[in-house]
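Okay, so here's the structure we're looking at.
Number of protein chains: 2
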Amino acid sequence: MRAATVITPHGTTAAVQDGTTWRALPAADLSALLAADVAWQPGARLADATPTLPLPRPGKVICCGLNYGDHIAETGRDTPSHPTLFAKYADTLTGDGQDIRLPAGVEVDWEAELAVVVGRELRNADQAQARGAIAGYTVANDISVRDWQRRTPQWFQGKAWDATTPLGPVVVTPDELDPEAGVEVICRVNGIERQRGDTKALVFPCATLLAYVSTFTTLRPGDVLLTGTPGGVGIGMTPPALLADGDVVETEVTGIGVLTNTIRLA
Amino acid sequence: MRAATVITPHGTTAAVQDGTTWRALPAADLSALLAADVAWQPGARLADATPTLPLPRPGKVICCGLNYGDHIAETGRDTPSHPTLFAKYADTLTGDGQDIRLPAGVEVDWEAELAVVVGRELRNADQAQARGAIAGYTVANDISVRDWQRRTPQWFQGKAWDATTPLGPVVVTPDELDPEAGVEVICRVNGIERQRGDTKALVFPCATLLAYVSTFTTLRPGDVLLTGTPGGVGIGMTPPALLADGDVVETEVTGIGVLTNTIRLA
Numbered sequence: 001m002r003a004a005t006v007i008t009p010h011g012t013t014a015a016v017q018d019g020t021t022w023r024a025l026p027a028a029d030l031s032a033l034l035a036a037d038v039a040w041q042p043g044a045r046l047a048d049a050t051p052t053l054p055l056p057r058p059g060k061v062i063c064c065g066l067n068y069g070d071h072i073a074e075t076g077r078d079t080p081s082h083p084t085l086f087a088k089y090a091d092t093l094t095g096d097g098q099d100i101r102l103p104a105g106v107e108v109d110w111e112a113e114l115a116v117v118v119g120r121e122l123r124n125a126d127q128a129q130a131r132g133a134i135a136g137y138t139v140a141n142d143i144s145v146r147d148w149q150r151r152t153p154q155w156f157q158g159k160a161w162d163a164t165t166p167l168g169p170v171v172v173t174p175d176e177l178d179p180e181a182g183v184e185v186i187c188r189v190n191g192i193e194r195q196r197g198d199t200k201a202l203v204f205p206c207a208t209l210l211a212y213v214s215t216f217t218t219l220r221p222g223d224v225l226l227t228g229t230p231g232g233v234g235i236g237m238t239p240p241a242l243l244a245d246g247d248v249v250e251t252e253v254t255g256i257g258v259l260t261n262t263i264r265l266a
Numbered sequence: 001m002r003a004a005t006v007i008t009p010h011g012t013t014a015a016v017q018d019g020t021t022w023r024a025l026p027a028a029d030l031s032a033l034l035a036a037d038v039a040w041q042p043g044a045r046l047a048d049a050t051p052t053l054p055l056p057r058p059g060k061v062i063c064c065g066l067n068y069g070d071h072i073a074e075t076g077r078d079t080p081s082h083p084t085l086f087a088k089y090a091d092t093l094t095g096d097g098q099d100i101r102l103p104a105g106v107e108v109d110w111e112a113e114l115a116v117v118v119g120r121e122l123r124n125a126d127q128a129q130a131r132g133a134i135a136g137y138t139v140a141n142d143i144s145v146r147d148w149q150r151r152t153p154q155w156f157q158g159k160a161w162d163a164t165t166p167l168g169p170v171v172v173t174p175d176e177l178d179p180e181a182g183v184e185v186i187c188r189v190n191g192i193e194r195q196r197g198d199t200k201a202l203v204f205p206c207a208t209l210l211a212y213v214s215t216f217t218t219l220r221p222g223d224v225l226l227t228g229t230p231g232g233v234g235i236g237m238t239p240p241a242l243l244a245d246g247d248v249v250e251t252e253v254t255g256i257g258v259l260t261n262t263i264r265l266a
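Protein chains in written order, with full-length UniProt numbering: chain A, 1 to 266; chain B, 1 to 266.
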């Protein structure tokens, strides 16, 4: 199934794709649907539906850095023995088609990523339990403010600007997508491809990450885990590249879809 | 005023201290009271009331590391030009009197801190706006799992174990407490004093921290900011000390109160 939170003339609703149209699911959005733990029983066909941020209220948005060999190489680090994790809040997220607004003068970079959506509560889970708790996969771009990220040893302040991490447009269930078999994670800036990685190269695959995180904190339905970015970020280029006002960032994961967001620096 | 969330025979309620007793405030806890933005009008006297975690559901718990000169020195770092920030989630918090449960074998350390509670929404705030938005101050201990903290460059996985950061027992309003004039932050382990710092020595004072964070993300009523720990943490000792099963950690900020928590490693 391909699920989303869609905007309709009557408000938002969780919805499932049915060919080229959408059918309502019984909750106002996917955060509410996953929290309610109800069957994804498609209801009425929606005449007018546009996907928006699928998960407006994850309790946790946990990110893994340094998870693709080519990106680890471009940062000059060694392959890590454990997942490098940092946190965002729900406020950091935004939807497909939204402008990403940041102040003029900051150094903005792209990081296309596969995101995992948690479907069941997990604590001290093993790999099999973690795999079974995956509700689906979606697309994210961990847009980063590099000068703020570099100000201190901790990346948080370069990673948690409000409404700067696009997520969506749809959540694809595991029966339709297998990142361990490989899906491609792609970033284009103004139509030029800058990143292309394959999730089968992840140092720490999705279920490994969820199980690891669940060692120290509870994951709940609707929580999101970003799995890291492949090589090709702007600061890895020679000379380093940054996003400019008006740049259009397309973030794609094959089999899921494309996020299109415009950078606005003012 | 000295406010808390208290457990009564009829459930929890926000409450304000009145001499040696408590009077109810019109919300189930301080998170709800601050979110509702109602006057703190004391109601009925409570015959049986015990303070618990004052803020059970902060949307954000943001921590500043490296904010006291003696602690910066014991970590071997230079005085930072910007606040070193990292994030926790509400799940990380626990209340006065609660056991802190962690698996046997991890390296557990103490970090007594003053915590600031946000009372009004802040975004792109200046210092005066940030100061005016402080609802109050409370006590925290950023109990840290050092081996996990050191596994990667990002501290999050050593700082975000569920129910390991005690917070409380009361929130003291700014008319009764002025950390810029100086309050002492103290940690005792099994009755032996290990930390004593003064908040007037903070590299980044409370209002500075709130204003800085509000540059990149919205702070809302009930959000919590931990302001860093003074010198004297276990890993700074010669030889380094760790908390053991059964150790009693007392965390005190003068003018606020004391948190007492027992470490349980199993």
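Backbone N, C-alpha and C define an ideal beta-carbon position, used for all residues, glycine too.
Nearest CB-CB separation between Y68 of chain B and chain A: not below the 8 Å threshold. Listed in chain order, the alpha helix (DSSP H) runs fully inside the stretch 40-80 of chain B are 69-74, counting runs of at least 4 residues.
Among the residues of chain A, those whose CB is under 9 Å from the CB of L85 of chain B are T152, Q154, F156, Q157 and A160, following chain order. Across the structure, Q127 of chain A and A211 of chain A are spaced so that their CA atoms are roughly 6 Å apart. Contact annotation: the stretch 54-69 of chain B touches the stretch 89-98 of chain B, with at least three C-beta pairs closer than 8 Å. Excluding residues up to 5 positions away in sequence, Q157 and G158 lie with their Cβ nearer than 6 Å to the Cβ of W148 of chain A in the same chain. Within the same chain, L66, D78, T79, P80 and V203 come within 8 Å of I72 of chain A by CB-CB distance, once the 5 residues on both sides are set aside.
A direct Cα-Cα distance of roughly 47 Å separates D18 of chain A from T152 of chain A. For F86 of chain A, there is no enclosing alpha helix (DSSP H); the enclosing beta strand (DSSP E) has its first and last residue at T84 to K88. Look at I235 of chain B here: in three-state DSSP terms it is helix. Any Cβ of chain B closer than 8 Å to the Cβ of P80 of chain A would place that residue at the interface, and such an atom is present.
Under the three-state reduction of DSSP, L259 of chain A is assigned to strand.
Contact of K60 of chain A with chain B by beta-carbon distance below 7 Å involves Y89. Chain-order list of chain A residues neighbouring T218 of chain B: D91 and D162, by C-beta distance under 7 Å.
The beta carbon of G76 of chain B sits no closer than 8 Å to any beta carbon of chain A. Listed along chain A, the residues sitting closer than 9 Å to G65 of chain B by beta-carbon distance are T152, P153 and Q154. The C-alpha of K200 of chain B lies about 48 Å from the C-alpha of A28 of chain A. Taking C64 of chain B as the centre and dropping the five residues before and after it, the same chain places the C-beta of P83, T84, L85, F204, L209, L225, L226, T227 and G228 closer than 8 Å to its C-beta, in chain order. By alpha-carbon distance to T12 of chain B, the top candidate from B:W40, B:P51, B:R2 and B:L259 is B:P51. I143 of chain B has its alpha-carbon roughly 15 Å from the corresponding atom of P240 of chain B.
Taking each of B:H10, B:R150 and B:D198 in turn and checking the Cα distance to E113 of chain B, the smallest one comes out for B:D198.
Runs of the beta strand (DSSP E) lying entirely within the stretch 181-241 of chain B and spanning at least 3 residues, in chain order: 184-189, 192-198 and 224-226. Annotation for Q17 of chain A: the continuous beta strand (DSSP E) segment containing it runs G11 to D18. A35 of chain A sits in a helix when the DSSP states are folded into three classes.
If one requires a minimum length of 4 residues, the alpha helix (DSSP H) runs lying completely within the stretch 102-168 of chain A are 127-132, 146-150 and 156-159, in chain order. Membership of E250 of chain B in the beta strand (DSSP E) is indicated by the continuous run V248 to V253. Separation of the CB atoms of A15 of chain A and A49 of chain A is rounded to 6 Å, and the pair is thereby assigned contact status at 8 Å.
Take the alpha-carbon of P42 of chain B and the one of E180 of chain B: they are about 28 Å apart.
DSSP places A3 of chain A inside the beta strand (DSSP E), whose first and last residues are R2 to T8. Around the beta carbon of N141 of chain A, a 10 Å sphere encloses 16 or more other beta carbons of the protein chains shown; the residue is thus reported as buried. Under DSSP, L93 of chain B shares a beta bridge with B:T165.
Sequence-distant partners of N124 of chain B (beyond 5 residues in either direction) whose C-beta falls short of 7 Å from its own C-beta, in its chain, are S214 and T215. For L265 of chain B, the three-state secondary structure derived from DSSP is strand. One thing to note: V189 of chain B has its Cβ within 8 Å of the Cβ of L243 of chain B. The Cβ-Cβ distance between L25 of chain A and L34 of chain A does not fall below 8 Å.
For the set B:L219, B:A4, B:V233 and B:T238, the Cα lying nearest the Cα of A133 of chain B is the one of B:L219.
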